Amino acid sequence: MNTATTTGEAQIRDSAGYAKRKWTLGILSIALIIIGLDITVLNVAIPTLQNSLNASASGLQWIINAYILVFAGVLLTMGSLGDRFGRRLAFQTGLVIFGLASVGAAFSESTTQLIIARAGQGIGGALIMPSTLSVIVDVFPREERAKAIGIWAGVAAIGIPGGMIAGGWLLENFFWGSVFLLNVPVVLVALVGSVFLVPESRDKNAKTTDIVGALISMAALSLLIYTIIEAPAQGWLAAVTIGGFASSLAFGALFVWYELRREHPMVDLRLFLNARLSASVGAIGIAFMAMLGMMFMLTQFLQFVQGYSPLDTG
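Sequential numbering from 21 applies to the sequence shown in the working numbering.
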């Protein structure tokens with residue numbers, strides 16, 4: 021009798037815990053949609069931005085790339101900070117930064133303001149993404165974890181194609197800043213939900229944060245992207261272009277040298293001695309560069325040349 025009662029109580033507790041975990045996963049996944057959405061949402065807005073902000077070709081590329089560049093550059097560092105100081109705190113801080121940056125982007129009056137706001141979104145996104153995955157690993161038991169991560173990744177993927185469709189519809193019905201204000205209600209829902217459904221956790225054995233490594237890698241990436249964007253206007257063989265590539269290469273070499281000598285590096289570069297891993301990472305990188313480059317060019321072709329509406333383009 022006592023055994024049956026104990027078993028029944030355990031099942032009830034587990035059922036209640038599973039229900040709460042599902043809601044937690046829902047909040048984390050909803051927040052992640054805006055990360056993918058903001059990678060592509062501006063592609064259909066390029067003609068509108070060009071007219072509204074008098075943006076140059078290089079300015080448009082910076083508006084698109086500032087978000088991804090900052091996001092990728094500080095992602096590992098922000099994940100490390102979340103492990104040390106609290107994943108829920110990192111998640112909520114990221115949501116606040118992302119929401120404020122979205123409002124700033126929506127009401128930007130110049131290309132420079134919009135680029136800065138997009139960079140702010142990148143910082144917020146870099147706090148959100150790793151913290152959501154860490155919370156999932158912490159909340160879900162091993163037997164449920166793979167399914168939860170699969171749902172998390174699947175929902176995140178919705179944002180990439182969904183960004184262009186949502187952006188196209190908003191541009192046809194509202195002003196261009198609405199593509200950023202779309203993030204605000206999602207941020208508010210996730211922020212309120214996180215207070216009740218996302219438990220605080222941290223890694224007691226978290227390593228020190230490699231701030232210097234992050235800064236060096238950001239310098240290398242920024243110089244590379246800047247040079248590629250400005251090269252068509254400056255000339256591919258111009259001194260400033262060659263100097264930009266050389267500086268990027270120098271910072272890249274410095275990053276490798278620095279990381280190989282750290283006890284707790286931002287990236288363990290020795291992992292890339294594995295040929296399969298290196299080939300996989302390289303293939304994924306090439307695929308994403310091709311996909312995002314195609315989106316950037318194709319959306320302009322469809323609207324400027326073919327005369328498609330933003331929604332049809334999306």
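Just so it is clear, CB atoms sit at the ideal spot from N, CA and C, and this is done for glycine as well.
Since this is a predicted model, take the numbers as computed values, not measurements.
Measuring C-alpha to C-alpha distances from LEU312 to each of TYR328, ILE50, ASP58, THR228 identifies ASP58 as the nearest.
In the DSSP annotation of this structure, TRP256 is not part of any alpha helix (DSSP H), being labelled neither H nor E. Distance from the Cα of GLY114 is smallest, within the candidate group SER130, ILE84, MET149, ILE136, for MET149. In this structure ASP288 is exposed. Its beta-carbon is surrounded by fewer than 16 other beta-carbon atoms within 10 angstroms.
The C-alpha of MET309 is placed about 20 Å away from the C-alpha of ARG296. When C-beta atoms of the stretch 76 to 88 are compared with those of the stretch 254 to 274, fewer than three pairs fall below 8 Å, so the two segments do not count as touching. For LYS167, the enclosing alpha helix (DSSP H) starts and ends at 162 to 193. By the Cβ rule, the stretch 143 to 163 counts as touching the stretch 49 to 63, because three or more pairs are nearer than 8 Å. Contact between GLU220 and ARG108 holds, with the beta-carbon distance rounding to 4 Å and staying under 8 Å.
Using a 10 angstroms sphere on the CB of ILE143, the tally of other CB atoms reaches 16 or more, which defines it as buried.
Taking one beta carbon from each stretch, the stretch 60 to 75 and the stretch 168 to 188 have 3 or more pairs nearer than 8 Å; the two touch. Closest in C-alpha terms to ILE231, from the list VAL94, SER214, THR261, GLY46, comes VAL94.
In the displayed model, THR228 falls within coil according to three-state DSSP, outside both helix and strand. The straight-line gap separating the alpha-carbon atoms of PHE275 and ALA234 is approximately 9 Å. Counting the other Cβ atoms within 10 Å of the Cβ of VAL325 gives fewer than 16, which makes it exposed. In the three-state DSSP reduction, SER49 falls in the helix class (H, G or I).
If you draw a straight line from the Cα of ILE135 to the Cα of ALA86, it is about 6 Å long. Between ILE236 and the set ARG222, PHE216, SER214, TYR278, the nearest pair of CA atoms involves TYR278. In the DSSP annotation of this structure, VAL325 is not part of any alpha helix (DSSP H), being labelled neither H nor E. Using a Cβ distance threshold of 8 Å, VAL116 and VAL218 do not count as a contacting pair. Ranked by Cα distance from ALA92, the first of GLU163, TYR328, GLY305 is GLY305.
Nearest to ILE248 by C-alpha distance, out of MET238, LEU318, THR261, is THR261.
Setting aside the 5 residues that flank it on each side, LEU45 is surrounded in the same chain by ALA168, each with a C-beta closer than 6 Å to its C-beta; the list follows chain order. DSSP, reduced to helix, strand and coil, places SER130 outside both helices and strands of the structure shown, so it counts as coil. The residue among THR319, TRP43, ALA51 with its C-alpha nearest the C-alpha of VAL175 is ALA51. When C-alpha distances from VAL159 are compared across PRO67, ARG281, TRP43, the shortest belongs to TRP43.
Of the residues assessed, THR132 falls on the exposed side of the cut-off, its CB having fewer than 16 other CB atoms within 10 angstroms.
Counting every other CB atom within 10 Å of its CB across the protein chains shown gives PRO161 a total below 16, marking it as exposed.
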